[in-house]
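Written below as structure tokens is the structure these notes are about.
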Amino acid sequence: MSKVTIDNVTDVVIASLGQNGDITARQREIMTALLRHLHGFCKDVTLTHGEFIDACMFLARAGSICDDRRQEFILLGDILGVEVLCDMLTNPVTGAESESTVLGPFYRENPPVLPHGASTAQKHFDNEETVFMEGYVQDISGKPLAGVTLDIWEDAPNGLYENHDHDQPDFNLRGRFETDENGYFALRALRPVPYPIPSDETAGELLRFMGHHPNRPGHLHFIVSKHGYRTLVSQIYDRTSKWLDNDSVFAVKDSLVGDFLPGKPEHGTDLYLRFDFKLKTEAASQSIAAE
Ligand code: BEZ
Ligand code: FE
112 MSKVTIDNVT DVVIASLGQN GDITARQREI MTALLRHLHG FCKDVTLTHG
162 EFIDACMFLA RAGSICDDRR QEFILLGDIL GVEVLCDMLT NPVTGAESES
212 TVLGPFYREN PPVLPHGAST AQKHFDNEET VFMEGYVQDI SGKPLAGVTL
262 DIWEDAPNGL YENHDHDQPD FNLRGRFETD ENGYFALRAL RPVPYPIPSD
312 ETAGELLRFM GHHPNRPGHL HFIVSKHGYR TLVSQIYDRT SKWLDNDSVF
362 AVKDSLVGDF LPGKPEHGTD LYLRFDFKLK TEAASQSIAA E
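The opening position of the sequence shown corresponds to residue 112 in this note's numbering, with each subsequent residue numbered one higher.
This is the structure we're talking about:
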């Protein structure tokens with residue numbers, strides 16, 4: 112092995128890849144680029160040894176607070192815009208399909224299965240605004256898709272998701288709906304309000320280091336899925352919400368902004384939201400990925 116100097120250290124480490132164990136072509140590609148970028152970053156900012164130790168301690172603190180309710184590394188990735196970037200690289204928009212965005216840390220599997228038009232709200236808040244939401248799910252040619260599952264979740268009018276608030280019933284503001292033979296779905300929910308992502312601990316340290324606030328605009332989360340189609344993980348944003356142009360996790364996209372209009376008398380809700388989704392087939396996603 113060559114002796115290291117400041118000029119050859121990057122090439123020496125890259126040349127060592129796979130020398131004492133088999134690695135795949137993908138592992139080599141990832142590690143080569145990681146080492147070039149990481150060493151380049153250290154040189155660009157002349158990272159001191161003290162700053163390197165500070166970063167190690169920061170990562171140790173982040174790891175120590177991870178549990179089944181808090182995944183600090185995803186949160187740090189969100190604050191850095193890395194989750195939204197990886198999502199766009201994984202799910203590039205190639206045609207008429209709906210855009211995806213970040214999943215975030217608040218999804219719970221197996222929400223209550225609710226009938227057409229039912230409400231996800233199990234508790235009332237003084238400042239709540241009820242919304243009737245409807246739409247169609249189609250393929251990219253406009254053909255209605257029946258039997259599509261829509262998981263929806265959102266924060267309550269107090270800005271908290273139910274699994275972070277002891278005063279909300281289990282699975283409040285979460286539900287699973289299905290499209291009918293026309294690809295139509297309908298549900299009742301509450302207007303989502305802006306809320307701050309967790310900003311204590313290391314997520315807060317990073318936000319302050321970057322001079323950022325923790326807030327997200329009001330949004331409804333969706334997972335739209337049907338066998339044979341690419342699962343869509345996305346969010347609908349309230350066009351009038353604070354922080355729409357300044358989201359702490361950079362996840363807002365133009366096509367995902369919806370209009371919460373005045374409610375229609377026949378629905379008995381304060382607001383009305385129409386939003387359609389288009390799914391592409393799994394085969395279409397795979398052929399693009401292979402290009
Ligand atoms: C969310 O939308 O629930 C979320 C996304 C990224 C980080 C934190 C929360
Ligand atoms: Fe959210």
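Think of the CB as a built atom: it goes at the ideal place given N, C-alpha and C, for glycine as much as any other residue.
DSSP-derived helix/strand/coil call for residue i
{"i": "L187", "result": "helix"}
{"i": "D250", "result": "strand"}
{"i": "I334", "result": "strand"}
{"i": "R350", "result": "coil"}
{"i": "S366", "result": "helix"}
{"i": "A395", "result": "helix"}
{"i": "S310", "result": "coil"}
{"i": "E289", "result": "strand"}
{"i": "N326", "result": "strand"}
{"i": "K375", "result": "coil"}
{"i": "S345", "result": "strand"}
{"i": "I263", "result": "strand"}
{"i": "S230", "result": "strand"}
{"i": "R319", "result": "helix"}
{"i": "V195", "result": "helix"}
{"i": "F163", "result": "helix"}
{"i": "K154", "result": "helix"}
{"i": "F404", "result": "Missing from the structure shown is residue 404; the chain here goes from 112 to 402 and no further."}
{"i": "T121", "result": "helix"}
{"i": "E245", "result": "strand"}
{"i": "F361", "result": "coil"}
{"i": "L284", "result": "coil"}
{"i": "R172", "result": "helix"}
{"i": "R385", "result": "strand"}
{"i": "L355", "result": "coil"}
{"i": "L301", "result": "strand"}
{"i": "L214", "result": "coil"}
{"i": "L145", "result": "helix"}
{"i": "L271", "result": "coil"}
{"i": "L128", "result": "coil"}
Among the options, the one whose alpha carbon lies nearest that of residue i
{"i": "R172", "options": "T313, E377, Y383", "result": "T313"}
{"i": "M244", "options": "L372, T392, A395", "result": "L372"}
{"i": "D266", "options": "N357, D381, Q346, A166", "result": "Q346"}
{"i": "A300", "options": "T121, A362, H332, H148", "result": "H332"}
{"i": "L187", "options": "D237, S366, P280, V360", "result": "V360"}
{"i": "A229", "options": "L298, D281, A166, T212", "result": "L298"}
{"i": "H150", "options": "D122, I134, A136", "result": "D122"}
{"i": "T380", "options": "H277, I141, T159, A232", "result": "A232"}
{"i": "F296", "options": "P280, V363, R385", "result": "R385"}
{"i": "C344", "options": "E210, I141, N119", "result": "Per the sequence shown, the amino acid found at residue 344 is Val instead of Cys. Of the candidates E210, I141, N119, the one whose C-alpha sits nearest the C-alpha of V344 is E210."}
{"i": "I238", "options": "Y383, N269, A257, R219", "result": "Ile is not the amino acid found at residue 238; the sequence shown has Asn there. The shortest Cα separation from N238 among Y383, N269, A257, R219 belongs to N269."}
{"i": "V242", "options": "P223, V304, V259, V204", "result": "V304"}
{"i": "D179", "options": "G192, H227, Y218", "result": "Y218"}
{"i": "D281", "options": "P223, V259, V120", "result": "P223"}
{"i": "L382", "options": "G369, K391, K389, L390", "result": "G369"}
{"i": "D311", "options": "P226, I134, F152, R181", "result": "R181"}
{"i": "K154", "options": "H324, T143, I117, F169", "result": "I117"}
{"i": "D278", "options": "F236, F152, W264", "result": "F236"}
Beta-carbon proximity of residue i to residue j, cut-off 7 Å
{"i": "Q249", "j": "G206", "result": "no"}
{"i": "L158", "j": "V124", "result": "no"}
{"i": "K234", "j": "N274", "result": "no"}
{"i": "G75", "j": "S352", "result": "Nothing can be reported for residue 75: it is not among the residues displayed for the chain, which extend from 112 to 402."}
{"i": "I190", "j": "L271", "result": "no"}
{"i": "D356", "j": "Y247", "result": "no"}
{"i": "D262", "j": "I334", "result": "yes"}
{"i": "L128", "j": "R137", "result": "no"}
{"i": "S336", "j": "T212", "result": "no"}
{"i": "I251", "j": "E208", "result": "yes"}
{"i": "P307", "j": "N326", "result": "yes"}
{"i": "L225", "j": "G174", "result": "no"}
{"i": "V156", "j": "A362", "result": "no"}
{"i": "A257", "j": "E292", "result": "yes"}
Nearest-angstrom Cβ-Cβ length linking residue i and residue j, presumed shorter than 8 Å
{"i": "R302", "j": "D358", "result": "No, R302 and D358 are not in contact; Cβ-Cβ is about 17 Å, not under 8 Å."}
{"i": "G339", "j": "E393", "result": "6 Å"}
{"i": "I185", "j": "P216", "result": "6 Å"}
{"i": "L390", "j": "R341", "result": "6 Å"}
Residue i: CB within 6 Å of a non-hydrogen atom of the ligand MN
{"i": "R139", "result": "Ligands present in the displayed structure are limited to the ligand BEZ and the ligand FE, and the ligand MN is not among them."}
> Can you list, in chain order, every residue whose CB sits closer than 6 Å to a heavy atom of the ligand BEZ?
Replying inline: L186, D189, V213, G215, P216, F217, I308, R327, V360
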